[in-house]
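I have placed the structure first, in the form of structure tokens, so that the comments after it can refer back to it.
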Amino acid sequence: MAGNPVDPLQTLSAALAVPADSKEQADILATLRESLEAHPNPIPILCTTLIKTVSSAGDSLLKRWVLDLLHFAISRSNLSTEVRTQLASQSVDTLVTLLHDSNTRTVKVSIQCLTSVYPLLFRSLCTNRTLRQQWDVLSQCKARILEFIWSPNASSGVKLSAIKFMQRVIIVQTRGISDPRLQNKNDPNIANVPADHPFIPGPALEAEGMKLLESVITMLYTSQNPELLSAILHSWSNLVKQRPALVHLVVSSLSSWTPAALSGLPASSIKSVEKAVRILLIHISRGPHGSSFGAQINEALSQQAARMERASAEEKARKAAVAASATEATRKRPSSTPAEQPSDAKRMRVDADIPGNASAAFLASFDFTTLPISLITDLIVANLQAFTEPALLELVQAYRQSRGLAPGLPAPRTPQPPQPTPEPTPAPGLSTEPPVKDEPVDPLQMDIDEEEMEYEPDRLNMELSGDETIAEEETIPADLPEALTLDLLDSKILEPKELTDVERNALIRGSVARIWDGTEELKADSIVPSQWPGASPTDMWMMLIVRMITRVAHLDGDQPPEDGGDEPKVPQEKTALDFYSRQDNLRQTLCDYIMADFPSRLRLVTTWMNEEWYNDLVSTYQTVLEGKPEGKPDGKDKAFARFLLDLPSVPPDVLGLLRDLSVDPDKMHVGFTSLREFVLERPSLRVEALQVLLELTTHPDPVTRRAAINTVRRWVPGIEPMDSMIRDFALQILRRLQKRPSKEEVPKVTDEHAGPGDENMEDGQLPSEDLMQTPYLTEELELPAQKAHVLQHVELLFALSVKIPEFLDEIFTAYGQMELSVQEAVQDLITALIKSLGSSNGKLLTLMRTCPPGSESLALRVLTIFTEHGRPSAQLVALVKGLISDRDLDARFLIPIIAEMDKPDILKYLPRIVSILNGQQEPKNLVRSVFSSVVTTPPQTFGTVSSNLPRVRQSELLTPAELMVLLHEAEKEIGLKSAIEAIGVCFSMTDVFRSEILAVVMQQIVDEPVLPVLFLRTVIQAVTTYRTLVGFVSTTLLSRLITKKIWQNPHLWEGFIRCAKVIAPASFGALLQLPKEQLRELVDKQPSLKSGLREYVTKRAGNKARVAGFLDIFGEDDDASPVAPVTPDVIMASTPV
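Here the working numbering is used: the first residue of the sequence shown is 94, the next is one more, and so on.
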């Protein structure tokens, strides 16, 4: 039917022409359904036409058929997503109407259809902003179906379908996987809804989805319906697979669940729900997201095991108690035989009836399921023994007739003495053979494999040749006349008739057809299965067909010619060639028949291959194996894997075939399944099959590589010998990434007795010939390394490290021996592994504390991963602080944790971080981020703080003034150039370092007994950035510096002079406070200030003697050229450091 589709319209017309709901109509519709399943393209046209026609009609065979076809088309057919979406859009209005149908089955199938319709239309409506009416219809469907869940009048089937619909709604109305690399385009979820969608409220739907999930969890804890609970638990496997963010909620719910709400139900029902919970927990623990919840799941499983064991013991005790009470009641029950003492007939009848009535009432109300099985068996046997065999057979016959069943064996009659029959007297000279037992014999249990096929023809030839006189005497009666004595010495067997190829084929096909007809007759005989258990007629047909092809006669080419002369060998060779060619043609015919429908004919091909192996014709395997991959197996063909596994002897090139299948995207499932089964169930091929799988873990295609990794990782840890082989392979592939000495660097071995082990190799390095090589890796890694090539080497090891943290030691050790580009790739690729292990992983923390030499940058990368999206734990902060104290590590280790330190530690370690500044932009960005994290934002008004700080304890943060002062005080530890750059970073943070903050800084520093070298540079930068500070500097700061005799420090004195020039003429009043010698030095170094100072002194017109002294210093400078305005950039460039 699949190969020859029927005409849908003609077949449907034929179905409508016959009587409705008749068997004939059912057969026609079944034929049409079978054809449409194989060729589903006409389904959308048929469904959209018929669904509207039958929806308003009553229940009928055609209506049920159309609904089932619609459900198949939307849910399970191989139609494209666009076609199924269009069909769902055209059918949703009709399905809404059918939700109110009076027939329960119609409602249930409609809900099942809408379960697939909802995600299809949801995804379509997310991009289509005009079909608001369709969204309203879909929302109406959802509301109506959810009502069925809480309705007390809804049937169990409808409720179960509604539960599945609600689970699908939860999946659609929650967010999918956030990682874009793992997102499934065919997984509609709430993240697909645009924020500005006109009629789909994304936040409201997401809230509704979470509320529905809470309702499901509540139902899990409160429902007393085991079927409902099983449906919920079975649907959660898809939920945890598609929504990893909800795994924590599911695991917590299952871990806390107890069967308290199921009290009062039979123990078997409670046990069924317990098993469903246990299976789901184990499934989650083995999934990709279960490693984070391993401890919680294991604890829940152990508690559940104890609970189930306790419940089982209680149930056994209860049954034993009931059985004991039943036995006691039976023993104490009075006999139903009338007592002999009372003489009153009426009293005797009452005494006899009352116990009988009580016994019947007791048995009618007694629950026999509470009794132990052994006791029930003893009771049944005892009751059967109470009847004689004829009486029991009569009761069985009467029961069959009352039920309308086929009559059984006739009841035995009164035995009659047998009539004597004359026994034939054996003729003299004939052997008396034992009587043949007239009963069917199992042909598959007859010894035809060895003895009959090998020895019977020889014995038959000896008897026919007349060599044995005993056989001749036994076959010729003694009373025959001599004339009739048969002499077989000269007799010959007639040669078979020579047939043409066409006649041979017709004869074989006819034989096969008769054998098949014989099996059909055997199937109709109800006695056969009971008489021949394990040997069905189909098995006999297969055995006969296979042996017709495999167990044929063999040409004897070793006999010499009859005349002893030399005869030409060409005719004999030609005959042999034709003979074996015909055998091969038969085999090819059988092979073609099998390939036409391989999965359903798997038993036949397995039987054939075993027979071929038995006859030492292993080469025939290749006929099947070469024919199978042509178009088959497809991605879901499990029959081919089963076939390979059942072969008695596997050809050597099968593994190559499976390797090719594994790299084919459409057939990789069959390849990996077969290789996995070979490893598990064929020890003789385990090493070779596992080696193929391990080599595929280095395949350049990510899909193939990850499929191979998922296949082998299930055997690690603990499943030997695969565990050891996988570990060794992963480590050897890792060592390929380590540096290898060039050929010039390898010292030549001059000693003839020296071997490869005498070469001076560095630790961790291997000669090229000792490294693991696979077909998918280049002989040597090209440098600079590409990330994709490095991933081929490390992805298996990273996947195993989740289960075996000890592999992290190997990664860190090998990392120090890698080239720089390889190290950079490993730092990027290890991110997913570190995130999955988490910052609380003990092995990782230990490795960070004791990282091998050369792996410090990898440890820093691990620390960065831990802290890039969250605050580091106190344990991590303490570890890094200890690491910094014990080892001379890069200051970058401090950057991720500096914000979590106390203020004394911040003051201690911050200069070390600032020292990384080297004029490059990247270190400057890092230092700016550190300043933002450790400095509190100054309040715009007192009493308010920023809410965006990474720290909660504001008292542990530095004020901006404290940071600026620290940079000046630690300028020697930091380095002047780095300190200047850090101060520049502070000035760039204008929202933090405002003018009033800088005024506080300058006032605090100027009061220090020893002024920093960079102080005057900072003052100049402050007054050039904020002109409002000029008054403070000119009136207060410069005067304080003069009192501190600033000229005694050459660097600071130079800065003082430049600062005075920058803020002139505001600085003139302070400059006049200088001693005359220093004032003269100042104007000599800055002649441009003379005219301004002279004018300033003249205008003040104070003490004439003092003015004359100042004028003497300033002199006449009429020829002095006007001073060009000095820009802040020029001042900062010329300021000494």
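For glycine and all other residues, C-beta sits at the position ideal for the given N, C-alpha and C.
With DSSP run on the structure shown, which of helix, strand or coil describes residue i?
{"i": "Gln1013", "result": "coil"}
{"i": "Pro101", "result": "helix"}
{"i": "Lys439", "result": "Only weak support is given to the placement of Lys439: the predicted model assigns it a pLDDT of 41, under 50, and the value that follows is read from those uncertain coordinates. The answer is helix: DSSP assigns Lys439 an H, G or I state."}
{"i": "Gln1179", "result": "coil"}
{"i": "Gln885", "result": "helix"}
{"i": "Ala432", "result": "Summary for Ala432: the model assigns pLDDT 40, below 50, so the residue's position carries little reliability; its value from the coordinates is reported in the next sentence. Coil at Ala432, not helix or strand."}
{"i": "Asn331", "result": "helix"}
{"i": "Glu875", "result": "coil"}
{"i": "Pro319", "result": "helix"}
{"i": "Thr1228", "result": "Note that Thr1228 scores a pLDDT of 47, beneath 50, so its modelled location is shaky; the value from the coordinates is reported in the next line. Coil at Thr1228, not helix or strand."}
{"i": "Gly383", "result": "coil"}
{"i": "Asn221", "result": "coil"}
{"i": "His193", "result": "coil"}
{"i": "Asn1142", "result": "coil"}
{"i": "Ser1132", "result": "helix"}
{"i": "Asp821", "result": "helix"}
{"i": "Ala1189", "result": "Per the sequence shown, the amino acid found at residue 1189 is Tyr instead of Ala. If DSSP states are grouped into helix, strand and coil, Tyr1189 belongs with the helices."}
{"i": "Thr593", "result": "coil"}
{"i": "Pro296", "result": "helix"}
{"i": "Ala360", "result": "helix"}
{"i": "Leu870", "result": "coil"}
{"i": "Arg506", "result": "For Arg506, the predicted model reports a pLDDT of 43, less than 50, meaning its position is unreliable; a value from the coordinates is still stated below. Looking at Arg506 - three-state DSSP - the assignment turns out to be coil, as it is neither helix nor strand."}
{"i": "Asp610", "result": "helix"}
Is the CB-CB distance between residue i and residue j below 8 Å?
{"i": "Leu768", "j": "Ile819", "result": "no"}
{"i": "Met259", "j": "Leu305", "result": "yes"}
{"i": "Phe905", "j": "Leu951", "result": "yes"}
{"i": "Val1112", "j": "Leu1130", "result": "yes"}
{"i": "Leu930", "j": "Leu972", "result": "no"}
{"i": "Ser1022", "j": "Ser966", "result": "no"}
{"i": "Leu695", "j": "Arg735", "result": "yes"}
{"i": "Leu1182", "j": "Ala1157", "result": "yes"}
{"i": "Ser777", "j": "Gly764", "result": "no"}
{"i": "Ile608", "j": "Ile642", "result": "no"}
{"i": "Ile138", "j": "Leu162", "result": "no"}
{"i": "Arg976", "j": "Arg942", "result": "In the sequence as displayed, the identity of residue 976 is Leu instead of Arg. Yes."}
{"i": "Ile1090", "j": "Ala1054", "result": "yes"}
{"i": "Leu192", "j": "Leu214", "result": "no"}
{"i": "Thr104", "j": "Lys145", "result": "no"}
{"i": "Leu922", "j": "Val895", "result": "no"}
Measuring only from the beta carbon, is residue i closer than 7 Å to any heavy atom that is part of the ligand ATP?
{"i": "Val99", "result": "Here there are no bound small molecules, and the ligand ATP is not part of this structure."}
Based on the DSSP output, what are the partners of residue i in its beta bridges?
{"i": "Leu1051", "result": "Val1028"}
{"i": "Met911", "result": "Gln831"}
- Item | Cβ contact (3+ pairs, closer than 8 Å) linking the region 301-312 and the region 364-374 | Because the criterion of three Cβ pairs below 8 Å is not met, the region 301-312 and the region 364-374 do not touch.
- Whole runs of the beta strand (DSSP E) within the region 104-136, excluding any shorter than 3 residues: none
- Message: Whether or not the region 813-831 and the region 884-891 are in contact is what I'm after, with contact meaning three or more pairs of Cβ atoms, one per stretch, closer than 8 Å; do they touch?
- Response: yes
- Message: Between the region 225-234 and the region 167-181, can you find at least three pairs of beta-carbon atoms closer than 8 Å?
- Response: no
- Task: List in chain order: all unbroken alpha helix (DSSP H) runs of 4+ residues lying wholly within the region 922-951.
- Result: 924-930 and 935-942
- Query: How about the region 1057-1070 and the region 979-998: do they share at least three Cβ pairs that are nearer than 8 Å?
  - Reply: no
- Are the region 735-753 and the region 697-705 in contact at 8 Å, needing three or more beta carbon pairs? yes
- Message: Quick check: the region 201-208 against the region 231-246, are at least 3 beta-carbon pairs closer than 8 Å?
- Response: yes
- Does the pairing of the region 144-153 with the region 184-199 give three or more beta-carbon distances under 8 Å? yes
- alpha helix (DSSP H) runs contained entirely in the region 199-255, provided each spans 4 or more residues: 225-243
- Check whether the region 283-296 touches the region 347-361, taking contact to mean three or more Cβ pairs, one atom from each stretch, closer than 8 Å. no
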